[in-house]
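S.K.: Numbered continuously in the numbering used here, the sequence shown closes out at residue 148.
Think of the CB as a built atom: it goes at the ideal place given N, C-alpha and C, for glycine as much as any other residue.
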Amino acid sequence: MASFDETLPAFGSEDWDMWLRIARNYPIHFVNEPLTLYRIHGYNTSLDRMCLSAEAVLQKLFSDPTLPANIFRKKEEAYARLYLSLSETYLKTNQKLKAIDYWQHALRICPKMLWITNRAIWAGLKILLPYTVISNLPKLRLKLQ
């Protein structure tokens, strides 16, 4: 198996590409907790480059003619999950317009994301509702139980 793919835009997704290739050939295990932190702030110019890098990894994966059909069938969902994640990240950096764009893009590609994961609904609420409403939702939920 080849090492890092130097043709990819090198900005944060090199490991992801490598692990996707490893997972196709070997069993893998994972630790279900964050092991590193990455600081993202509103003026972080690297976020846009990270988006391009992540898209390039998916493009590479789904353009592979040897990709099994059961994985290829998840192409739209994979892109939608990426765009949903990017929407959430842009929202955390107070870049609401980009967050809206990526959220809409995710749902255009894979409308069933609204039913697959509540992340799509939650991200949409965070985009549409004021912060004060969102921050009080857990309290409201407790009162309704």
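Smallest Cα separation from Arg24: which of Leu110, Lys142, Ser56, Thr69?
M.R.: For the residues Leu110, Lys142, Ser56, Thr69, the minimum Cα distance to Arg24 belongs to Thr69.
S.K.: Is Asp20 buried or exposed, if buried means 16 or more other CB atoms sit within 10 Å of its CB?
M.R.: Per the 10 Å Cβ criterion, buried.
S.K.: Go to Arg24, then tell me how far its alpha helix (DSSP H) extends in each direction, as first and last residue.
M.R.: Here the alpha helix (DSSP H) through Arg24 covers 17-28.
S.K.: Could you check how far apart the C-beta atoms of Ser16 and Ala57 are, in whole angstroms? I think they sit under 8 angstroms.
M.R.: Right, their Cβ atoms sit about 5 angstroms apart.
S.K.: Tell me whether the beta-carbon of Glu79 lies closer than 8 angstroms to the beta-carbon of Ile112.
M.R.: Result yes, Cβ atoms of Glu79 and Ile112 sit closer than 8 angstroms.
S.K.: Have a look at Leu132, Arg27, Lys142 and flag the residue whose alpha-carbon is nearest the alpha-carbon of Asn73.
M.R.: Closest by alpha carbon: Arg27.
S.K.: By a C-beta neighbour count over all protein chains shown, 10 Å radius and 16 as the cutoff for buried, is Tyr105 buried or exposed?
M.R.: By the 10 Å Cβ count, Tyr105 comes out buried.
S.K.: Around the C-beta of Arg76, are 16 or more other C-beta atoms found within 10 angstroms, so that it is buried, or is it exposed?
M.R.: Exposed.
S.K.: Might you give, ordered along the chain, the residues of its own chain that have their beta carbon closer than 7 angstroms to the beta carbon of Lys101, omitting 5 neighbours on each side?
M.R.: Counting only Cβ-Cβ distances below 7 angstroms, and skipping sequence neighbours, we find Tyr93.
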